[in-house]
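Novice: Dumping the structure here so I can ask a few things about it.
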Amino acid sequence: MTLLGNELVVELDRYRQRARDWLAEVTIPEVPLPLTEKFAVLRDWQKSLYAAGWVGIAWSTDAGGQGLTPLHHLVFTEELARARAPQPIGLIGLDVVGPSIERYGTSWQRTELLPRLLSGDDIWCQGFSEPEAGSDLASLRTRAVIDGDYFVVSGQKVWTSWAHMSQWCALLVRTDPNAPKHKGISYLLVDMSSPGITVRPLVQMTGDEEFCEVFFDEVRVPRRNLVGQLNEGWPLAIHTLGTERAGYTLRRRVDYEVAVDDAVSEIRHRLRGEGAPDRVNSAIGRTQVALRVLDAQTRKTITRLADKLGPTPEDSVDKLLLNDLEQDIFASIAELLGPLRSSPSARPFGLNTERWVHDHLYSRATSIYGGTSQIQRNIIAERLLGLPRG
Ligand SMILES: Cc1cc2nc3c(=O)[nH]c(=O)nc-3n(C[C@H](O)[C@H](O)[C@H](O)COP(=O)(O)OP(=O)(O)OC[C@H]3O[C@@H](n4cnc5c(N)ncnc54)[C@H](O)[C@@H]3O)c2cc1C
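Counting from 971, one number per residue, gives the positions in the sequence shown under our numbering.
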């Protein structure tokens, strides 16, 4: 276990102060809830962050990054949340597929594609899940056949977040149908404007159309868009899934602290000196306990980051904890609102019920995306505890 060296601690403090100074000067955008408006505002915000050197903080400089450490990235993410500033829009590129392209991509892929991913000029989506391949991802059937300098891709993906807004997709395809299911999978980078791609948005329970079905009908993808080796995409897919889990806890922890702070101060304002009912006090108490548990866990995560271990099965512990906490926290906030949450578009007593109702509904997705809670438990049982496969 690494303890942070004194020099690094001083450097991180300095970096935190720089972030605070910058965030105090810049105009922080208001984020509208309707999806298309939100997308436009957050894309502009990503461009401003990139121009000021706050995106790709831990990425190498040849890929357009700043060449600093994951801890610098964490420090900036914390300051962003504490300043009530939004995250950039391209998080699937930045936190999920981009790190795998940075690690396994060719020099052309890294230098041509990644700087535009960081700047927000190109938005990326992750084409992994299919109608019959979610938890059992290795059963995927979208196929790619080699034809000269191209792969020809046919099949269907589903739940592809932001596919309708994306310029690029990191796509898992089956390139050898005769190999065992974890073999014969390849990792392709697909230009979403290619002929033969149809994207159909799906409506979520929040009312947003954030994810989509994506159909591929003989889509031609240049062979230089293959990441890693032909038929050896599975370890890369595992890297992408691990990256999604690692670091996510650190980012969300501060978001929750801010959400709980905001909700409690809105409720306090509404009560205006009256004593809070027991129901309110116990919901606030529960959120505080949940945050302290997450704090304790993230200390271990920070140590792993400092040790530069990359994604590990331990990330599943973080993800599982986070799934439960996010749902507990937003359910508690919804409980704080009481019957007022049934008027989400108004602002009764100044309460931002629209935000809280949206976040409460969205929190139901946490135990599904990035691998369901049941799958995280399986990983912990098999890979951390060494129990036999169920
Ligand atoms: C908001 C949101 C955004 C998403 N974005 C993307 C995206 O951008 N790209 C992408 O590729 N995918 C995305 N997904 C898909 C997500 O990864 C899948 O939904 C998830 O992997 C589960 O797959 P599934 O929906 O097919 O459910 P299934 O795999 O069919 O699972 C159904 C139920 O069975 C349980 N189950 C399945 N297998 C086991 C097992 N072996 N042991 C115990 N229980 C099991 C599951 O836990 C679940 O409760 C997104 C999902 C959501 C909700």
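Cβ coordinates follow ideal geometry from the N, Cα and C atoms, glycine included.
1. Helix, strand or coil for Ala1266? Go by DSSP, reduced to three states.
2. With a threshold of 16 other CB atoms inside 10 Å of the CB of Pro1281, please say whether the residue is buried or exposed.
3. Measuring CB atoms only, is the region 1157-1169 touching the region 1187-1199, in the sense that at least three cross pairs come out at less than 8 Å?
4. Terminal residues of the continuous beta strand (DSSP E) containing Ala1140?
5. For Trp1094, report the span of its beta strand (DSSP E) as first-last.
6. Can you name the residues that DSSP bridges to Gly1125?
7. Classify Leu973 as helix, strand or coil using the three-state DSSP reduction.
8. If I'm right that Cys1095 touches Ser1136 with Cβ under 8 Å, what's the distance once you round it to whole angstroms?
9. Return yes when at least one heavy atom of ligand 1 lies under 6 Å from the C-beta of Ile1155, else no.
10. Buried or exposed, going by whether 16 or more other CB atoms sit within 10 Å of the CB of Leu1355?
11. Please report the distance separating the alpha-carbon of Leu1261 from that of Val1287.
12. Can you tell me where the alpha helix (DSSP H) with Tyr1339 in it begins and where it stops?
13. Helix, strand or coil for Asp1119, going by three-state DSSP, please let me know.
14. How long is the line joining the alpha carbons of Glu1284 and Gly1118, rounded to whole angstroms?
15. If we ignore side chains and look at the alpha-carbon of each, how far apart do His1042 and Ala1028 end up?
16. In whole angstroms, what is the alpha-carbon distance linking Trp1129 and Gly975?
17. What I want to know is whether the C-beta of Trp1326 ends up closer than 6 Å to one or more non-hydrogen atoms of ligand 1.
18. Would you say the beta carbon of Ser1099 comes nearer than 6 Å to a heavy atom of ligand 1?
19. Regarding Thr1130 and ligand 1, is the C-beta to nearest heavy atom distance less than 6 Å?
20. When we look at the beta-carbon of Ile1254 and count the other beta-carbons within 10 Å, is it buried (16 or more) or exposed?
21. By the three-class DSSP mapping on this structure, what secondary structure does Asp1161 have?
22. Give me the residue from Leu1019, Gln1297, Val979 and Arg1249 with the minimum Cα distance to Gly1035.
23. Where does the unbroken beta strand (DSSP E) through Leu1172 begin, and where does it stop?
24. For Arg1080, does the three-state DSSP call read helix, strand or coil?
25. Would you say the beta carbon of Thr1210 comes nearer than 6 Å to a heavy atom of ligand 1?
26. Measure the CB-CB distance between Thr1219 and Leu1292 and report whether it falls below 7 Å.
27. Using beta-carbon positions only, say whether Val1224 and Ala1140 come within less than 7 Å of one another.
28. For the 8 Å Cβ check, are there 3 or more pairs between the region 1331-1345 and the region 1160-1179?
29. What are the partner residues of Ser1156, as DSSP defines its beta bridges?
30. Can Gln1346 and Lys1270 be called in contact, C-beta distance under 7 Å?
31. Report the residue from Arg990, Arg1215, Lys1008 and Glu1000 whose alpha carbon sits nearest the alpha carbon of Ser1343.
32. Can you give me the C-alpha to C-alpha distance between Gln1297 and Ile1116, rounded to a whole angstrom?
33. What distance in whole Å lies between the Cβ atoms of Ile1062 and Ser1131, which are believed to be in contact at a cut-off of 8 Å?
34. Looking at the structure shown, is Pro1192 part of a helix, part of a strand, or coil, going by DSSP?
35. Report whether the distance from the Cβ of Phe1186 to the nearest heavy atom of ligand 1 is below 6 Å.
36. According to DSSP, simplified to helix, strand and coil, what is Glu1352?
Specialist: Here's the rundown:
1. helix
2. buried
3. yes
4. Trp1138 to Arg1144
5. Trp1094 to Gly1097
6. Phe1186
7. Because the pLDDT of Leu973 is 49, which lies under 50, any placement of that residue in the model is unreliable, and the question is left without a value.
8. 4 Å
9. no
10. exposed
11. 15 Å
12. Counting along the chain, Tyr1339 falls outside any alpha helix (DSSP H), and DSSP gives it neither H nor E.
13. coil
14. 42 Å
15. 7 Å
16. 43 Å
17. no
18. yes
19. yes
20. buried
21. strand
22. Leu1019
23. Ile1167 to Leu1172
24. helix
25. no
26. yes
27. no
28. yes
29. Val1143
30. no
31. Arg1215
32. 45 Å
33. 6 Å
34. strand
35. no
36. helix
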